[in-house]
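Inspection log for the structure reproduced underneath, given as structure tokens.
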Amino acid sequence: MPINKCSNESLSEFVDTSDEWISKRSGIKNRYFVSDGETTSDMAYNASCIAIKNANINKNDIDLIIVATTTPDHTFPSTATLVQKKLGINAVSFDVQAVCAGFIFALSVAKSMMSEKLYNNCLIIGADSMSKLLDWNDRSTSVLFGDGAGAIVLQKFECNKNIYDDWGILSNVIHSDGNFYDLLKTNGGVSSNQSTGFIEMTGKEVFKHAVDKLSSSFEEVLTFSKKNIDEIDWLIPHQANQRIILAVAEKMKIDINKVISTVKDHGNTSAASIPLALHKAIRTNKVKNGNLIGFNAIGGGLSWGASIVRIGKPQLL
Ligand code: UT7
28 MPINKCSNES LSEFVDTSDE WISKRSGIKN RYFVSDGETT SDMAYNASCI
78 AIKNANINKN DIDLIIVATT TPDHTFPSTA TLVQKKLGIN AVSFDVQAVC
128 AGFIFALSVA KSMMSEKLYN NCLIIGADSM SKLLDWNDRS TSVLFGDGAG
178 AIVLQKFECN KNIYDDWGIL SNVIHSDGNF YDLLKTNGGV SSNQSTGFIE
228 MTGKEVFKHA VDKLSSSFEE VLTFSKKNID EIDWLIPHQA NQRIILAVAE
278 KMKIDINKVI STVKDHGNTS AASIPLALHK AIRTNKVKNG NLIGFNAIGG
328 GLSWGASIVR IGKPQLL
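Below, the structure is given as structure tokens:
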């Protein structure tokens, strides 16, 4: 996370809002903002170093870097190539852009590429500086977002299929529907008006789609994985709004105690939200090696999807 913490009270000093409104409508209490000069690739690099250390691998073993981001340092080249340069390694590097669903899309792309046997160690990073897209005069969006980055390392194991076919990414599903393009977008872009623009969102509509599509994609991925909801140890949903998280849990009939929620601590960090929540869940000893984890996310596009992953290293059990 960047170091600049901003509470609802602090935000209320320059946005026409209140801690009461933000807490009640979204569950958010704090968010973090990048410092002057701090970029998405800086946060992505810091998260990568932690992920590589925790994976206990040599950084030179990484052969694929995928950064999920909507807020690149530059329009081009990709932020992933900057992370590669900062890490000082050789790896195929590129960005994926699926806004808040970016981490799920990156998992899906990585799994396909690794299945083709070309890559063995993939660094996946979700990183966004959403504060750069906020219009402080729009209180309906500016209170919801924050900046951050989270990263994981995906490793390919050559192993006995009978024992290990229940490990790693079991299934991903991804979807998009451009008919809902206008519900959540920026009002700028390189080819439209040569600006980055600010976030515009039809909140109530997005809310309904979020509850519906987060639930349906998770049902789908459970079916693909041949799992039922009771077998899931933890659900780590996109961290946008506590009310959405609760509504999805209720719809999915999953015990709320199995649902990781960190939205209170950092607001909606877009592509960073799932890996940040995962990191916190591991650090607080909730998620453990061998757990079966569900992820689901939705963002602009609309783009959405879900994954089921048995996390950790098989040989450590
Ligand atoms: O990451 C992608 C996914 N994004 C999401 O999932 C976001 C989905 N949407 C939401 O989370 C919710 O729709 C919001 C949190 C954005 C808004 O909650 P809501 O219950 O749908 O509120 P609303 O937009 O209907 O606004 C209700 C009232 C309005 O006042 P009136 O017209 O009823 O007098 C707003 O003007 O709240 C007012 N309002 C605020 N008041 C204080 C809107 N924003 C604020 C604010 N502070 N920040």
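Under this note's numbering, the residues of the sequence shown are numbered 28 to 344, in order.
Cβ atoms here follow ideal geometry from the backbone N, Cα and C, with glycine treated the same way.
The structure presented is a predicted model; accordingly, all values stated were derived computationally and were not measured.
heavy atom of the ligand UT7 below 8 Å from residue i C-beta
i      : result
His265 : yes
Gly327 : yes
Thr168 : yes
Phe225 : no
Ser45  : yes
Cys149 : no
Gly129 : no
Trp163 : no
Leu322 : Per the sequence shown, the amino acid found at residue 322 is Phe instead of Leu. Every heavy atom of the ligand UT7 is 8 Å or more from the Cβ of Phe322, so no.
Lys56  : no
Trp48  : yes
Lys231 : yes
Val290 : no
Ile196 : no
Val42  : yes
Ile271 : yes
Phe234 : yes
Ser158 : no
Leu171 : yes
Neighbour-count burial assignment, residue i, 16 or more Cβ in a 10 Å radius
i      : result
Gln111 : buried
Glu143 : exposed
Asn312 : exposed
Ile79  : buried
Lys231 : exposed
Ile77  : exposed
Tyr208 : exposed
His101 : exposed
Leu145 : exposed
Asp192 : exposed
Ser244 : buried
Asp69  : buried
Phe60  : buried
Gly115 : exposed
Lys235 : exposed
Asp155 : buried
Residue i versus residue j: straight-line alpha-carbon distance, rounded
i      : j      : result
Glu246 : Gly64  : 42 Å
Gly216 : Gly224 : 7 Å
Ser297 : Glu47  : 23 Å
Asp88  : Ser218 : 38 Å
Asn253 : Ser45  : One point to set straight first is that residue 253 is Lys, not Asn, in the sequence displayed. Distance between the alpha carbons of Lys253 and Ser45 is about 45 Å.
Thr98  : Leu319 : 31 Å
Glu258 : Trp163 : 43 Å
Asn255 : Asn316 : 20 Å
Pro29  : Gln269 : 22 Å
Pro264 : Asn73  : 23 Å
Asp204 : Ala95  : 19 Å
Ile301 : Ala128 : 9 Å
Glu36  : Ala176 : 24 Å
Val136 : Leu262 : 21 Å
Ile93  : Cys149 : 8 Å
Asp174 : His293 : 8 Å
Ser50  : Asn81  : 33 Å
Lys159 : Phe172 : 10 Å
Asn57  : Ile152 : 22 Å
Asn1   : Gln182 : No answer is possible for residue 1: the residues shown for the chain start at 28 and end at 344.
Met279 : Ser34  : 31 Å
Gly328 : Glu227 : 13 Å
Cβ-heavy atom distance, residue i to the ligand SAM, below 8 Å
i     : result
Asn73 : Absence of the ligand SAM from the depicted structure is noted, with the ligand UT7 being the only ligands included.
key: Length-filtered (4 minimum) alpha helix (DSSP H) runs lying within the region 245-297   = For the region 245-297, whole alpha helix (DSSP H) runs of length 4 or above, ordered along the chain, are 269-279, 290-293.
key: Within the region 66-103, ranges of the alpha helix (DSSP H) (whole runs, at least 4 residues)   = The qualifying runs are 67-82.
message = Under 8 Å: do the region 122-136 and the region 34-41 share three or more Cβ pairs, one atom per stretch?
response = Verdict: no, contact absent.
ask   = Do the region 126-142 and the region 316-334 meet, that is, are 3 or more Cβ pairs less than 8 Å apart?
value = Counting C-beta pairs with one atom in each stretch, the region 126-142 and the region 316-334 have three or more that are closer than 8 Å, which means they touch.
message = Would the region 221-239 count as touching the region 299-308 if we require 3 or more Cβ pairs under 8 Å?
response = They do not touch, by the three-pair rule.
task = Within the region 127-165, note down every full alpha helix (DSSP H) run reaching 4 residues or more, in order along the chain.
result = The alpha helix (DSSP H) runs of length 4 or more contained entirely in the region 127-165 are, from start to end of the chain, 129-142.
query = What are the start and end residues of each continuous alpha helix (DSSP H) run of 4 or more residues lying completely inside the region 169-252, in chain order?
reply = Those alpha helix (DSSP H) runs which fall completely within the region 169-252 and span 4+ residues are 188-191, 217-220, 230-252.
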